[in-house]
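Residue numbers (full-length UniProt numbering): 1 to 264.
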């Protein structure tokens, strides 16, 4: 169920944990640098959150929707701007989400959210099977969004392809090539955008998304000399690869990296 339909006790299990986790967080100036550029990761005021349902079927999709709503409310509390980029809902339910990409804008948003990447796990009695406690997962990846994407992507490094959209959107998207795929030639990374009705808007969204992926790749290389941090964050979305567990029966949230838990 969505957070706004939960009991106050269930809702606080989600929201209070994040509030307690971040209430002492302060922005500071820390730089990651190479000979080519430097990045103050604490001054990045834009980022993207990527949600993907994992093990657990429909229940995992319901949990993913609740995580999206939880972070939306957390963003509101911090005064950040929440901009949905792409949301893929399961057809059998208006509250189940297979995947979602959201852009967030606000002071220190990347600094506060960058360690939220990983597999989140829920243990509860699902509405799809009330006979037993069920364990489901959802993975989150956090990508920094550059203020000036052109500094990350050189025009000569891009290949653009246009095509007709395969999604809903009326006669315009069905009759015209409104979808766009941008490929970063040096890395082979490509991004497709098709949710908007106009080609120019989809191209801008794809450019923003691709620049965020490439900037995250650069930051990863600076810190660890390993460009697979996004894969390290989300893993394979299996139940054993968790950073945090929400246990409804015991009203408990556990952070497995910090080895701390809270009861609500």
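All C-beta atoms in this analysis are idealised placements derived from N, C-alpha and C, irrespective of residue type, glycine included.
Residue i - containing beta strand (DSSP E), residue span
i           : result
residue 182 : 179 to 184
residue 86  : 81 to 89
residue 158 : 158 to 163
residue 118 : 118 to 124
For residue i: DSSP bridge partner residues
i           : result
residue 49  : 102 and 142
residue 245 : 121 and 254
residue 264 : Per DSSP, none; premise fails for residue 264.
residue 137 : 121
residue 267 : This structure leaves residue 267 out entirely; the chain is present only between 1 and 264.
residue 191 : 182
Three-state secondary structure (DSSP) of residue i
i           : result
residue 196 : coil
residue 250 : coil
residue 220 : helix
residue 132 : coil
residue 257 : coil
residue 213 : helix
residue 25  : Because the pLDDT of residue 25 is 47, which lies under 50, any placement of that residue in the model is unreliable, and the number read from its coordinates should be weighed accordingly. If DSSP states are grouped into helix, strand and coil, residue 25 belongs with coil.
residue 172 : Model confidence at residue 172 stands at a pLDDT of 46, short of 50, so the residue's coordinates are unreliable and nothing is read from them.
residue 55  : coil
residue 205 : helix
Host alpha helix (DSSP H) of residue i (start-end)
i           : result
residue 64  : 58 to 77
residue 111 : 109 to 113
Assigned exposure category for residue i - 16 Cβ within 10 Å defines buried
i           : result
residue 84  : exposed
residue 209 : buried
residue 33  : Below a pLDDT of 50, predicted positions are generally treated as unreliable, and residue 33, at 43, falls in that range; the measurement from the model is reported next regardless. That one is exposed.
residue 81  : exposed
residue 195 : buried
residue 107 : exposed
residue 263 : exposed
residue 139 : buried
residue 191 : buried
residue 164 : exposed
residue 178 : buried
residue 203 : buried
residue 189 : exposed
residue 54  : buried
residue 121 : buried
residue 257 : exposed
residue 219 : buried
residue 79  : exposed
Residue i Cβ short of 8 Å to the ligand ADP heavy atom set
i           : result
residue 182 : Among the ligands in the structure shown, none appear at all, so the ligand ADP cannot be discussed.
Interface flag, residue i vs chain B, CB-CB below 9 Å
i           : result
residue 142 : In the structure shown, chain B cannot be found, because there is only a single protein chain.
Does the pairing of the region 247 to 254 with the region 110 to 128 give three or more beta-carbon distances under 8 Å?
The region 247 to 254 and the region 110 to 128 touch, with no fewer than 3 CB-CB distances between them shorter than 8 Å.
Does the count of Cβ pairs from the region 155 to 163 and the region 128 to 147 closer than 8 Å reach three?
Taking a cut-off of 8 Å for Cβ pairs, the region 155 to 163 and the region 128 to 147 do not touch, as fewer than three such pairs fall below it.
Assess contact between the region 41 to 56 and the region 100 to 116, defined as three or more Cβ pairs (one per stretch) separated by less than 8 Å. Is contact present?
The answer is yes - the region 100 to 116 touches the region 41 to 56, with three or more Cβ pairs under 8 Å.
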